[in-house]
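In short: position in the sequence shown from 1, add 4, done, that's our numbering.
For each residue, glycine too, the CB sits at the ideal point set by N, CA and C.
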Amino acid sequence: NNNMFTSIVVVGASGDLAKKKVIPALFSLFHDRHIAKENSTVVGYARSKMTDDDLRGRIAENLVCRLKQEDQRSCGDIQTEFLNNLHYVSGSYDSAEDIAALDSKLKELESGHEKVRRLFYLAIPPSVFTDVAHLVHLHARAKQTVLVVEKPFGHDLASFEELNRTLQEDWKESEIYRIDHYLGKEVIQNLIVLRFANILFNNTWNRDFIKKVEISFNETIDVKGRGGYFDSYGIVRDVIQNHLIQILGLVAMERPLSMESGDIVAEKNKVLRSTTIDPSSVVVAQYEGYTADPTVEPDSKTPTFSRMTARINNERWAGVPFTLTAGKALDRTQTSITIHYRSIPGEPLFNTPCGNTCNRLSIIIQPDERIELRTMNKVPGMGFDARCSDLNMLYRDTYKGVHIPEAYERLILDVIEGDQRFFVQSGEARLSWVLFEQTLKEIDDGRFEVKTYPFGAKEGEI
Ligand code: BG6
Numbered sequence: 005n006n007n008m009f010t011s012i013v014v015v016g017a018s019g020d021l022a023k024k025k026v027i028p029a030l031f032s033l034f035h036d037r038h039i040a041k042e043n044s045t046v047v048g049y050a051r052s053k054m055t056d057d058d059l060r061g062r063i064a065e066n067l068v069c070r071l072k073q074e075d076q077r078s079c080g081d082i083q084t085e086f087l088n089n090l091h092y093v094s095g096s097y098d099s100a101e102d103i104a105a106l107d108s109k110l111k112e113l114e115s116g117h118e119k120v121r122r123l124f125y126l127a128i129p130p131s132v133f134t135d136v137a138h139l140v141h142l143h144a145r146a147k148q149t150v151l152v153v154e155k156p157f158g159h160d161l162a163s164f165e166e167l168n169r170t171l172q173e174d175w176k177e178s179e180i181y182r183i184d185h186y187l188g189k190e191v192i193q194n195l196i197v198l199r200f201a202n203i204l205f206n207n208t209w210n211r212d213f214i215k216k217v218e219i220s221f222n223e224t225i226d227v228k229g230r231g232g233y234f235d236s237y238g239i240v241r242d243v244i245q246n247h248l249i250q251i252l253g254l255v256a257m258e259r260p261l262s263m264e265s266g267d268i269v270a271e272k273n274k275v276l277r278s279t280t281i282d283p284s285s286v287v288v289a290q291y292e293g294y295t296a297d298p299t300v301e302p303d304s305k306t307p308t309f310s311r312m313t314a315r316i317n318n319e320r321w322a323g324v325p326f327t328l329t330a331g332k333a334l335d336r337t338q339t340s341i342t343i344h345y346r347s348i349p350g351e352p353l354f355n356t357p358c359g360n361t362c363n364r365l366s367i368i369i370q371p372d373e374r375i376e377l378r379t380m381n382k383v384p385g386m387g388f389d390a391r392c393s394d395l396n397m398l399y400r401d402t403y404k405g406v407h408i409p410e411a412y413e414r415l416i417l418d419v420i421e422g423d424q425r426f427f428v429q430s431g432e433a434r435l436s437w438v439l440f441e442q443t444l445k446e447i448d449d450g451r452f453e454v455k456t457y458p459f460g461a462k463e464g465e466i
């Protein structure tokens with residue numbers, strides 16, 4: 005891609021996602037010289053009437069530098085350089101004329117460059133992204149153009165199919181990057197290495213050794229400010245059906261043939277096709293005070309917490325429950341995977357307070373990334389008692405001074421480099437809707453009692 009000039013268009017530039025995640029991620033890539041002003045430009049597009057400077061002012065405070073001491077540059081200089089290369093075009097999402105005006109602005113910025121490609125980041129809801137995608141196809145394509153689309157990819161299987169069909173009328177699968185930002189998280193990417201490059205885990209990663217797997221997402225924040233969106237989706241569509249299912253895929257898949265995109269996706273797909281949700285395991289709950297939010301229906305039964313057990317019906321996993329839990333307004337913010345190992349059969353040799361075996365692998369995705377392995381060890385001293393203790397790999401100690409990229413940084417760079425490995429392919433997105441079709445229908449039909457929980461409750465108490 006020598007001499008290639010990249011125009012990055014952030015559609016929905018005035019929104020929260022653009023301001024908090026997408027544009028700051030672009031800044032980090034700029035800061036780390038993955039993109040430069042000589043070979044790229046960033047253009048925001050949204051309905052709000054704003055000038056370039058208004059947009060620059062709105063996002064300036066979210067641009068964080070990570071300069072090393074020996075760095076010659078100043079943060080202010082890098083920010084100014086980035087902001088000067090950021091432009092804004094205002095227009096509506098369904099106007100051919102406005103998108104054509106965007107195209108003219110892009111041409112102006114691209115002039116003098118022979119090889120140009122365009123990346124449209126659609127940080128807008130699906131109700132409008134199909135319009136934009138179609139108009140961009142008609143009026144604002146460069147020779148090479150790709151789209152990045154954000155979840156939700158539909159509301160159920162039927163709406164997903166419709167959305168996907170519309171997109172695919174104009175765009176090839178290789179031009180569509182469906183982002184699930186969990187796939188860009190460092191510790192989640194590490195799952196492939198941890199599992200397949202350690203004989204210790206590789207050879208015991210199955211029903212003979214593993215008793216159960218827990219994948220759990222806890223957040224202290226509630227849905228404030230996003231009630232309008234959240235209320236019609238709920239926690240299962242917001243987090244479990246996508247982020248947690250992607251994690252499940254990586255935890256449960258077979259070794260891919262290679263690290264190529266198609267090979268990883270093929271294995272995740274096989275897992276999805278063997279997975280079912282156990283209807284008797286479904287718990288749904290809502291935090292107290294949820295309906296006081298003015299953007300939420302006053303008698304809403306939308307779950308803000310849910311737990312359910314997935315079963316994977318294959319040789320590796322039959323009989324091993326995968327518990328998926330996600331909740332808002334809980335006592336802490338943490339996403340983790342816990343692998344519980346079986347006990348060694350027979351009578352314990354040692355005197356222990358914790359049973360015969362206590363092996364447990366905890367993978368803390370965030371915050372404070374770490375991998376912890378619980379093992380049994382002799383208590384130091386004259387006796388022969390054994391206790392459980394943890395081997396602990398804390399990223400911040402092990403990789404001192406190493407920057408762990410934000411998921412969006414990593415994934416946007418992947419888009420720029422044309423790497424689709426950590427994006428959701430259409431077949432996969434479809435399968436994850438198929439998997440939840442029945443459960444979601446039953447939740448929407450009020451088939452499960454929606455419990456209430458106090459704000460700040462512990463996951464285990466719901
Ligand atoms: C988003 C959900 O996809 O992920 C949010 O819509 C959730 O409800 C967020 O808060 C969590 O992302 P992260 O990266 O903060 O764990």
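Taking only the alpha-carbon atoms, compute the straight-line gap between residue i and residue j and give it to the nearest angstrom.
{"i": "N7", "j": "Y125", "result": "22 Å"}
{"i": "K41", "j": "L417", "result": "15 Å"}
{"i": "T84", "j": "S78", "result": "10 Å"}
{"i": "L252", "j": "I219", "result": "8 Å"}
{"i": "R425", "j": "S278", "result": "21 Å"}
{"i": "V132", "j": "V46", "result": "21 Å"}
{"i": "S18", "j": "S99", "result": "18 Å"}
{"i": "P28", "j": "S265", "result": "27 Å"}
{"i": "R241", "j": "I249", "result": "11 Å"}
{"i": "F9", "j": "Y294", "result": "47 Å"}
{"i": "V197", "j": "M263", "result": "11 Å"}
{"i": "G16", "j": "K23", "result": "9 Å"}
{"i": "A104", "j": "V287", "result": "49 Å"}
{"i": "H38", "j": "I348", "result": "50 Å"}
{"i": "A289", "j": "I368", "result": "24 Å"}
{"i": "L151", "j": "K176", "result": "10 Å"}
{"i": "K272", "j": "K53", "result": "43 Å"}
{"i": "R259", "j": "N318", "result": "14 Å"}
{"i": "V454", "j": "F354", "result": "46 Å"}
{"i": "N363", "j": "H159", "result": "39 Å"}
Which whole-angstrom value describes the C-beta separation of residue i and residue j, a residue pair presumed to lie in contact below a C-beta threshold of 8 Å?
{"i": "I447", "j": "P325", "result": "So it is not a contact: roughly 20 Å between Cβ atoms."}
{"i": "I192", "j": "Y345", "result": "Wrong, their Cβ atoms sit about 21 Å apart, outside the cutoff."}
{"i": "T513", "j": "A390", "result": "A question about residue 513 goes unanswered here, because the residues of the chain that appear run from 5 up to 466."}
{"i": "Y399", "j": "R378", "result": "Contact flag wrong, Cβ pair sits at about 18 Å."}
{"i": "T224", "j": "L334", "result": "6 Å"}
Between the options, which lies nearest to residue i when the distance is taken from Cα to Cα?
{"i": "V140", "options": "L106, S115, P130, G116", "result": "L106"}
{"i": "G238", "options": "S304, D212, L187", "result": "S304"}
{"i": "V153", "options": "N88, D449, L171", "result": "L171"}
{"i": "I63", "options": "R70, N43, F86, P130", "result": "F86"}
{"i": "L439", "options": "N222, L161, A144", "result": "L161"}
{"i": "S284", "options": "K274, M312, P302, Q290", "result": "M312"}
{"i": "A471", "options": "E118, F164, P129", "result": "This structure cannot settle anything about residue 471, because the visible part of the chain is limited to 5 through 466."}
{"i": "N66", "options": "L21, Y92, N89", "result": "L21"}
{"i": "S430", "options": "I368, D36, E179", "result": "E179"}
{"i": "G116", "options": "S44, E432, L276", "result": "S44"}
{"i": "G48", "options": "I82, G61, I12, L71", "result": "I12"}
Buried or exposed: residue i, going by 16 or more other Cβ atoms within 10 Å of its Cβ?
{"i": "N168", "result": "buried"}
{"i": "R122", "result": "buried"}
{"i": "L110", "result": "buried"}
{"i": "Q73", "result": "exposed"}
{"i": "V2", "result": "Nothing about residue 2 can be reported from this structure: the residues present for the chain run from 5 to 466 only."}
{"i": "N381", "result": "exposed"}
{"i": "Y233", "result": "exposed"}
{"i": "Y412", "result": "buried"}
{"i": "K228", "result": "exposed"}
{"i": "M3", "result": "The displayed coordinates of the chain run from 5 to 466. Any statement about residue 3 would go beyond what the structure contains."}
{"i": "D212", "result": "exposed"}
{"i": "F309", "result": "buried"}
{"i": "L30", "result": "buried"}
Taking DSSP as the reference, what is the three-state secondary structure of residue i?
{"i": "A333", "result": "coil"}
{"i": "K147", "result": "coil"}
{"i": "V300", "result": "coil"}
{"i": "H344", "result": "strand"}
{"i": "I251", "result": "helix"}
{"i": "E218", "result": "strand"}
{"i": "V46", "result": "strand"}
{"i": "Q442", "result": "helix"}
{"i": "L395", "result": "strand"}
{"i": "N88", "result": "helix"}
{"i": "V15", "result": "strand"}
{"i": "R3", "result": "Residue 3 lies beyond the stretch modelled for the chain, which goes from 5 to 466, so this question has no answer here."}
{"i": "F452", "result": "coil"}
{"i": "K476", "result": "This structure cannot settle anything about residue 476, because the visible part of the chain is limited to 5 through 466."}
{"i": "V383", "result": "coil"}
{"i": "Y294", "result": "helix"}
{"i": "D389", "result": "strand"}
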